[in-house]
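K.L.:
Protein chains in written order, with our numbering: chain V, 1 to 254; chain S, 1001 to 1656.
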Amino acid sequence: MEHQNINLKLKVWRQKNSTDKGGFETYDVKNISQEMSFLEMFDVLNEELIAEDKDPIAFDHDCREGICGMCSMYINGRPHGPWEANTTCQLHMRAFSEGETIVVEPWRANAFPIIKDLMVDRTAFDRIIQAGGYISVNTGNAVDANALPIEKAKADASFAAAACIGCGACVAACKNSSAMLFLSAKAAHLNLLPQGQPERKTRVMNMVAQMDKEGFGACTNTGACEAVCPKEISITNIARLNLDYTCAGLVSDK
Amino acid sequence: MIDAKIPAGSLDSKWTKYKSTCKLVNPANKRSLEIIVVGTGLAGASAAAALGELGYKVKTFCFQDSPRRAHSIAAQGGINAAKNYQNDGDSTYRLFYDTIKGGDYRAREGNVHRLAEVSANIIDQCVAQGVPFAREYGGLLSNRSFGGTQVQRTFYAAGQTGQQLLIGAYQAQERQIALGNVVQYSRHEMLDVVMIDGKARGIIARNLVTGELERHFGHAVLLCTGGYGNVFYLSTNAMGSNVTAAWKAHKKGALFANPCFTQIHPTCIPVSGDHQSKLTLMSESLRNDGRIWVPKQQGDTRKSIDIPEEERDYYLERRYPAFGNLVPRDVASRAAKERCDAGYGVGTSKQAVYLDFAAAIQRYGKIEAGKRGIEADAETITQMGKDVVKEKYGNLFDMYEKITGENPYEVPMRIYPAVHYTMGGLWVDYELMTTIPGLYCLGEANFSDHGANRLGASALMQGLADGYFVIPYTIGNYLADEIRTKAIPTDHAAFAEAESKVRDRIHMLMNIKGSKTVESLHKRLGKIMWEKCGMARNAEGLKQAIKEIQQLKNEFWSDVKIPGEINEMNPELDKANRVADFIELGELMCIDALNREESCGGHFREEHQTEEGEALRHDDKFMYVSAWEMKGEHEWEMHKEELNYEVVKPSQRSYK
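1) For the region 1176-1183 of chain S against the region 1056-1075 of chain S, do three or more pairs of beta-carbon atoms, one drawn from each stretch, fall closer than 8 Å, so that the two count as touching?
2) Please confirm whether residue 1616 of chain S and residue 1599 of chain S have their CB atoms less than 8 Å apart.
3) Under 8 Å between beta-carbons, which chain V residues line up against residue 1127 of chain S? List them in chain order, please.
4) With 16 as the cutoff for other CB atoms within 10 Å, does residue 1132 of chain S come out buried or exposed?
5) Please classify residue 1040 of chain S as buried or exposed, where buried requires at least 16 neighbouring CB atoms within 10 angstroms.
6) Assuming residue 1418 of chain S and residue 1236 of chain S make a contact with CB atoms under 8 Å, what is their CB distance in whole Å?
7) Mind checking if residue 1263 of chain S is an interface residue toward chain V, Cβ cutoff 8 Å exclusive?
8) I want to see whether chain S comes within less than 8 Å of residue 139 of chain V, judged by CB atoms only; does it?
9) Name the two residues that bound the continuous beta strand (DSSP E) containing residue 28 of chain V.
10) Using a beta-carbon distance below 8 Å, is residue 1442 of chain S in contact with chain V?
11) If the cut is a Cβ gap below 7 Å, which residues of chain V does residue 1568 of chain S touch?
12) Return the chain-ordered list of same chain residues with a C-beta closer than 7 Å to the C-beta of residue 1371 of chain S, the five sequence neighbours on each side being excluded.
13) Please look up how many angstroms separate the CB atoms of residue 1038 of chain S and residue 1061 of chain S, rounded, as I've assumed it's under 8 Å.
14) Tell me which same chain residues have a C-beta within less than 7 Å of the C-beta of residue 1322 of chain S, skipping the five on either side of it?
15) Could you give the uninterrupted runs of the alpha helix (DSSP H) lying entirely in the region 1074-1142 of chain S, keeping only those of 4 residues or more?
16) Taking contact to mean at least 3 C-beta pairs separated by less than 8 Å, is the region 1577-1585 of chain S in contact with the region 1303-1313 of chain S?
17) Counting only runs of 4+ residues fully inside the region 1545-1623 of chain S, write out the alpha helix (DSSP H) ranges in chain order.
18) Distance check for residue 1384 of chain S and residue 184 of chain V, CA to CA, integer angstroms please.
19) Which residue marks the beginning of the beta strand (DSSP E) containing residue 1293 of chain S, and which one marks its end?
20) State the Cα-Cα distance for the pair residue 1459 of chain S and residue 1335 of chain S, rounded to the nearest angstrom.
21) Tell me, which residues are paired with residue 1446 of chain S by DSSP?
22) Taking buried to mean at least 16 other C-beta atoms within 10 Å of its own C-beta, is residue 1645 of chain S buried or exposed?
23) In three-state terms, what does DSSP make of residue 1234 of chain S?
24) How is residue 65 of chain V classed by DSSP in three states: helix, strand or coil?
25) Could you run through the region 1225-1250 of chain S and flag, in chain order, every residue whose CB is less than 7 Å away from some CB of chain V?
26) Residues in the region 1542-1563 of chain S with C-beta within 7 Å of chain V's C-beta atoms, listed in sequence order?
27) Can a CB atom of chain S be found closer than 8 Å to the CB of residue 90 of chain V?
28) Considering Cα atoms alone, identify which of V:88, V:9, V:36 is closest to residue 24 of chain V.
29) What would DSSP say about residue 1355 of chain S, mapped onto helix, strand or coil?
30) Residue range of the alpha helix (DSSP H) that residue 126 of chain V falls in?
31) Between the region 108-126 of chain V and the region 58-73 of chain V, do three or more beta carbon pairs fall short of 8 Å?
32) Can you confirm whether residue 1040 of chain S, when its beta carbon is compared against all beta carbons of chain V, has any partner nearer than 8 Å?
33) For the structure I just gave you, are there three or more beta carbon pairs, one from the region 233-248 of chain V and one from the region 199-215 of chain V, closer than 8 Å?
34) Between S:1270, S:1545, S:1377, which has its C-alpha nearest residue 1333 of chain S's C-alpha?
35) Output, in sequence order along the chain, the residues in the region 20-44 of chain V whose CB is closer than 9 Å to any CB in chain S.
36) Looking at the unbroken alpha helix (DSSP H) that takes in residue 249 of chain V, where does it start and where does it end?
Encoded structure:
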């Protein structure tokens, strides 16, 4: 693969803290190897900003392997940038060409307040999990793992939903800032398994209630969430959630 | 001599006996006992969940924005357990033996046997929590072999085993948060341990969003803060992985054991340039099907596909006919380095070797054609073979292509070894307690179970064993004597003093206002460590490295440049705090490597090798854990913990 060094213009959202109004700043970045990752380009820019006694751009990142879910940039109007099924940290500069202007913003959603620059607060996701995203089993006396055979098709579907990395791209892409893809992926992961059955109804009721409380919007089946999901979580999970939610609402055990 | 407090009795009865004789805390008292857990990876999250379930009051801390981000999530391959579901002869003893041998006879028998014993419980527990492990069509769990073991004992969830296990532990932790037993502090970094009357009684943590320092009391403190691979700057660790919490404990008196034992993983994507910020691992499972080679001709500049078969050197198959491409990690890594150093490396940097799937594609293609009973042409066979490889390794191939821009179905992957895991860590006894009473260390952050080299699929096992099944027992043995200790108010002088020292250090860092960025200094530290304390070490290089690191430390503390303010989100300041600790650790690693005049596991001293270039252990002189006590700046004293092998008989490892 031939690589070149390219020059780019970056328009980046800068916001000192959660109360600051914020705005775009423009930066010229020169001589960027196309072998770099998108975040490595930010590293280079930040080193230059520090040398010029300017404040470097704050952004979330950790594993840089596409699995921790921490990186979160809205690049040219799309969460995680132009590549399919990809996270910001795995986006490489081959995706861009000489002279291009790239616009970088944080996730935008009322439930994800901005902390600084491109960093947002996603603790609302943790609270949705706290509302029911688990199976209530204490440590210690679980039965033998093979005592409970699970159909491979169901296990695979559960796994596909459990692949969610909790990055929040689905919320950022949604015109309603809905967290339905995130929530439904977790509900499907657990509700597709026999272990998840006892809490199936309360799980969806409580998680949806928490989502509403956090200020996420409603789902209007636009599908933008699925289109940008780095782990290709399917909106079939939202249909599964709606079914479980309806059943739970109609047939109460209490 | 330090005492590991290994229970008496036969190896397989020690843990059972310990569990039935250790002290217990009654439920009413548990409610008033507070425990601090730092780090929320597999060890921290599982410990927090298990202790919360028991009724203790738990506080958990992580520097990321959510406990679910911890780097355990990136583990790909799997988790070992002695379940013997495949009826292929596995047992607790075999898992114990493989781990001891894989660790090149530098781990404790008692700890490792306990690990093997609880391994089966981990799988049961995870399945009960809903961890979606891979399954067979009959609905039962699937296993694969991993890292060259002779049995199939590895449980997995595609290439995302770490993610699924961590999410399981995270959910268990979140459940305890919802129940009010655990309080989580995200975007918080521990910056000191608070000691009162010789016991760990709390921590000073910095809120990374506001920059404020906070005091937190605990009857006991658990450090579950992971490994220190980022001392090399480039590693497969996450960007934020650091040694700071463990290092603060070390400076307060906790011994640091075997710091030079680092694992270099053979199959990582090579460095592409100076901008490189981290390295990405390609799962070891690729070696099950990929063949590793370099050109036979030095400095060959032809493209891989233009080099004919007879001009390729499959050096692992040549050197190790019995294990071939499946030799353990340390052996495979050194062999790659040897070829590259000798001028046979490939790619633009010449610091890479090929991992080639062409033969596997043909082999699988032919099998498929046979299965379907068709006479296929070469093109169809290749296509069917590619489909099989895609099913097995598709996600890894996609990741490789994203990073390198090359299609590994068409051209061989380029790989090179990279720092991956650190076997060394805080010294702990059988109960996982450090040399500071009340201060525990779990998971990768401690040194206890992997000796000088960790086997594949054993890190996840150890993290969860420590958190779910060991600490709930051992901490009770300590806290049973603490039930009369009332929660100590955080206006106690010890908290005030610790906080003011942390504050002074931060101010000192911010006031240097020098000219060099944290990143540039960290890169230089990494270069020293990689070149002189990396895959191969020698006395001269290590002595030089110690001098260079001491000099770098002076430079750091006189010329580092940190932008921004203290009381705001300031990632550069966070990083500076961590790099300052890495520099001190780097010096200790070199001292330890210099002291250990033998080659074992991941530690290869060039002066100590066989005629064929294999690692040469000196069991007569170095059958011990080196546990270092900090005495002052640049000054450490070594304490030895002798390793007594009562059951296993150490032998020279051979994979020929």
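Just so you know, even glycine gets a beta-carbon here, dropped at the ideal spot from N, CA and C.
P.N.:
According to the structure shown:
1) With a cut-off of 8 Å, the region 1056-1075 of chain S and the region 1176-1183 of chain S count as touching, because enough Cβ pairs lie within range.
2) yes
3) The contacting residues are 142, 145, 148, 195.
4) buried
5) buried
6) 6 Å
7) no
8) yes
9) 23-33
10) no
11) 17
12) none
13) Sure, about 5 Å apart at Cβ, within 8 Å.
14) 1655, 1656
15) 1092-1102, 1109-1129
16) Contact between the region 1577-1585 of chain S and the region 1303-1313 of chain S is absent, because fewer than three Cβ pairs lie under 8 Å.
17) 1571-1595, 1619-1622
18) 36 Å
19) For residue 1293 of chain S, the enclosing beta strand (DSSP E) has its first and last residue at 1291-1295.
20) 24 Å
21) S:1426
22) exposed
23) coil
24) coil
25) The region 1225-1250 of chain S vs chain V, Cβ under 7 Å: 1238, 1239, 1240.
26) 1561, 1563
27) yes
28) V:9
29) strand
30) 123-130
31) yes
32) With a threshold of 8 Å between beta carbons, residue 1040 of chain S makes no contact with chain V.
33) Output reads yes: the region 199-215 of chain V touches the region 233-248 of chain V.
34) S:1270
35) 32, 33, 34, 35, 36, 37, 39, 40, 41, 43, 44
36) 236-250
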